[in-house]
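Note sheet for the following structure.
In my numbering, the protein residues as written are 1 to 239.
Structure below.
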């Protein structure tokens, strides 16, 4: 029966490790991290667009101011009567008309760039907010995962602490065989023989097998002929 106690502890430890590695938060965190990385990449690209447009806007603004300065200078010269030659005056008027058209064109371009900057900034703000929201959700999920992991770790530590006393005094060859079978048989190296049935593979033993088991000494290791697991005799074995 002592080996069954060890098996029960080991099975419980396996269950806890499985729970630990299959917490729903693990998948949720991995999915959210991938989504956050995509958002971060898009936010980085959006920031570059905003920066480029801001540079373009600054250039257009400078061009507008430069042309306006030239227009003001020419108007001042005309208003002050500094140009008296009719041909020069006519040429100056034509130049002012050209400057007005240029200013109108540049201001239209300026408005267009400003609209692009606003749109790009809105996109960047949205992505930045989404990244922040993802970070908050990640923090919440991580805290939930860590809390659950802490509880399971404590349970696992308790189970593992019980294993030492449980195997104390057991023959080393038996433990070695049991551990090897556990690795080979999905974590179950020993099973109870109950009602003439192997608790490992759930198959009934025939009369010959049962006769062999009845004749075996109490310290003899019995193996199921079907699954090769160690069979532990109990009061319910049906022998």
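Quick reminder that beta carbons are idealized off the backbone N, C-alpha and C, glycines included.
If the five residues before and after residue 67 are omitted, its C-beta is found closer than 8 angstroms to the C-beta atoms of 99, 102, 103, 106, all from its own chain and listed in chain order.
Between residue 231 and residue 223, the C-beta gap is smaller than 8 angstroms, which places the two residues in contact. CA-CA distance, residue 201 to residue 9, rounds to 19 angstroms. Residue 144 and residue 25 do touch by the CB rule: their CB atoms are close to 5 angstroms apart, below 8 angstroms. The beta carbon of residue 191 sits closer than 6 angstroms to those of 198, 199, 200, 229, all from its chain and outside the five residues before and after it, given in chain order. With the rule of 3 Cβ pairs closer than 8 angstroms, the segment 115 to 127 counts as touching the segment 40 to 54.
The count of Cβ pairs closer than 8 angstroms, one atom from the segment 25 to 44 and one from the segment 164 to 183, stays below three, leaving the stretches out of contact. The alpha-carbon separation between residue 48 and residue 41 amounts to approximately 11 angstroms. Look at residue 232 here: in three-state DSSP terms it is strand. Within its own chain, the residues whose Cβ lies closer than 8 angstroms to the Cβ of residue 5, once the five positions on either side in sequence are excluded, are 166, listed in chain order. Counting only the Cα atoms, residue 18 lies some 32 angstroms from residue 132. Counting the other Cβ atoms within 10 Å of the Cβ of residue 188 gives 16 or more, which makes it buried. Excluding five sequence positions before and after residue 221, the CB atoms of its chain that fall closer than 8 angstroms to its own CB belong to 174, 177, 230, given in chain order. Between residue 213 and residue 194, the CB-CB gap reaches or exceeds 8 angstroms.
When DSSP states are grouped into helix, strand and coil, residue 25 belongs to the helix group. Residue 193 carries a strand assignment under DSSP once its states are collapsed to helix, strand and coil.
Taken through DSSP and simplified to helix, strand or coil, residue 83 comes out as coil. When rounded, the separation of the alpha-carbon atoms in residue 206 and residue 236 is 16 angstroms. Taking each of 218, 217, 225, 219 in turn and checking the Cα distance to residue 208, the smallest one comes out for 225. Beta bridge pairing from DSSP links residue 204 with 197. Taking all protein chains shown into account, residue 203 has fewer than 16 neighbouring C-beta atoms within 10 Å of its C-beta and is therefore exposed. Scanning 111, 137, 182 for the CA closest to the CA of residue 59 turns up 111.
Under DSSP, residue 222 takes part in a beta bridge, and its partners are 231.
In this structure residue 150 is not in contact with residue 23, their Cβ atoms being roughly 11 angstroms apart against a cut-off of 8 angstroms.
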